[in-house]
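Some notes on the structure that comes next.
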Amino acid sequence: MATLSSTSPLTAALGLTLTTVLAVGLVACSDDGDGSPTYATAGMGTDSTANDDASDGESTDEESTEEVGEDGPEDSSDDEEAKLDMGSQDLGEGLMEVAEVFGHSGQVLYRLDPETLEVEEVGPFDGCTASIIDVALDADSNMYGTAFGSLWAIDRETGDCTLITDEGSFTTSLSFVPAGTVDPDEEALVGFDDDQYVRIDTETGAITTLGSLGDGLESSGDIVSVVGKTYLTVRGPGCEDTDCIVEIDPSDGSVLKNFGSVGYDQVFGLAFWGGRAYGFAREGALFEIQFGDDSVIWTSIPMPGAPANLEFYGAGSTTSAPPLEG
């Protein structure tokens, strides 16, 4: 695996203890013909009143709750292994002992250690015959992925794909929810198709509608769920310029609380670890989301050495991720 590492000065720059979580997914309206999703959102900029241009990686003086690193994406074409310098640590052995979340482009899977912020390129989605638009992991970290017309089982260690079905139209916001929510006895794979909350059968790909968002909102990118909390990035009234993040009821998809803007548009990936969420924006931006009582604070995570023209299509994390820090 190519290590996309990063520097420990990030911790000092953020001034935070980064026990974090990454899960990413994306919501699309159509395929634009080149294998990438087309979204019904305007642009990829951020709300200038809350956050400076998220794509340039510069810090803002106006927003004291947000700190943005100075380094933007760099061209790593001269390096044999791309580096996203975010610290390093041996991951150790044992699935449930490893802190990990996953993000991806249409063709490549990445793993991020939410404790050290070290990023690895797991590898290409080998065997997938279409661009992957989102992934989700169950409590045992079994990974599934969707393309616009197909559903896949994906090896989280290698990126190898096994086709489940190529019949159907699948959503770009994807997550498992814990047993006792949609199904009393087992976890369920769910997602949003615009404002419609659906369940996807992992054996057949059959889709069942469970409910809807309401309040004029639609999914803008991704859903992530752990025991006790389920979050979704949305667009709609009050969320036209940048995406908002809401907590939803995982049994029917209705909104429980709207935390407002996350400062970025087209947040196609969302993940969670240790009390904090992580957003992956299509523009290649990665950021941390810290929840307050009624709003969120977002903090850009610099990615020096990121591949040129990196776009995040989705993300995912296990439903057994710790819901609280520590």
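In the numbering used here, the protein residues as written are 25 to 350. In this text, a Cβ means the ideal position worked out from N, Cα and C, and glycines have one as well.
What is the DSSP secondary structure of residue i, reduced to helix, strand or coil?
i, result
"residue 97", "Reliability of the predicted coordinates at residue 97 is poor, the pLDDT of 35 falling under 50, and the value obtained from them is presented with this limitation in mind. Of the three classes helix, strand and coil, the one that applies to residue 97 here is coil, per DSSP."
"residue 152", "coil"
"residue 247", "strand"
"residue 136", "strand"
"residue 164", "coil"
"residue 116", "Low local confidence applies: a pLDDT of 37 at residue 116 is under 50, so the model's placement there is unreliable, with the coordinate-based value given in what follows. Looking at residue 116 - three-state DSSP - the assignment turns out to be coil, as it is neither helix nor strand."
"residue 191", "coil"
"residue 242", "strand"
"residue 87", "Bear in mind that a pLDDT of 35 at residue 87, under 50, signals an unreliable position, so the number given afterwards is only what the model happens to contain. Residue state, collapsed to three classes: coil."
"residue 52", "The pLDDT assigned to residue 52 is 36, lower than 50, so where the model puts this residue is not dependable; a value taken from the coordinates is nonetheless given after this. Correct three-state label for residue 52: coil."
"residue 290", "coil"
"residue 337", "coil"
"residue 319", "coil"
"residue 275", "coil"
"residue 211", "coil"
"residue 269", "strand"
"residue 206", "coil"
"residue 324", "strand"
"residue 305", "strand"
"residue 122", "coil"
"residue 348", "coil"
"residue 310", "strand"
"residue 230", "coil"
"residue 342", "coil"
"residue 179", "coil"
"residue 220", "strand"
Leaving out five residues before and five after residue i in sequence, what residues of the same chain have Cβ atoms less than 8 Å from its Cβ?
i, result
"residue 280", "270, 271, 272 and 273"
"residue 134", "28, 126, 127, 128, 143, 144, 145 and 146"
Please confirm whether residue i and residue j have their CB atoms less than 8 Å apart.
i, j, result
"residue 343", "residue 162", "yes"
"residue 125", "residue 141", "no"
"residue 197", "residue 238", "no"
"residue 295", "residue 302", "yes"
"residue 201", "residue 211", "yes"
"residue 247", "residue 192", "no"
"residue 213", "residue 226", "yes"
Hey, does residue i have any beta-carbon neighbour from chain D nearer than 8 Å?
i, result
"residue 218", "In summary, chain D is missing from the structure at hand, where a single protein chain is found."
My guess is that residue i and residue j are in contact by the Cβ rule of under 8 Å, so how many angstroms apart are they, rounded?
i, j, result
"residue 183", "residue 150", "6 Å"
"residue 132", "residue 148", "5 Å"
"residue 174", "residue 187", "7 Å"
"residue 138", "residue 154", "With 8 Å as the limit, residue 138 and residue 154 do not qualify as a contact, their Cβ atoms being about 29 Å apart."
"residue 300", "residue 314", "6 Å"
"residue 189", "residue 229", "4 Å"
Leaving out the 5 sequence neighbours to the left and right, which residues in its chain are closer than 7 Å to residue i when beta-carbon positions are compared?
i, result
"residue 235", "221, 276, 277 and 278"
"residue 352", "Here the chain comprises residues numbered 25 to 350, so residue 352 is not present and cannot be evaluated."
"residue 203", "209, 210 and 211"
"residue 288", "70, 78, 266, 267, 303, 305, 309 and 311"
"residue 253", "271 and 347"
Considering only C-alpha positions, which residue in the set the options is nearest to residue i?
i, options, result
"residue 336", "306, 312 and 313", "306"
"residue 242", "215, 232 and 223", "215"
"residue 282", "257, 224 and 176", "257"
"residue 264", "229, 240, 327 and 153", "240"
"residue 224", "185, 168 and 218", "168"
"residue 318", "217, 178 and 285", "285"
"residue 320", "334, 255 and 330", "255"
"residue 340", "292, 205, 260 and 262", "292"
Excluding the 5 residues flanking residue i on each side, which residues of the same chain have their C-beta closer than 6 Å to its C-beta?
i, result
"residue 218", "242"
"residue 178", "167, 169 and 185"
"residue 205", "274 and 275"
"residue 261", "240"
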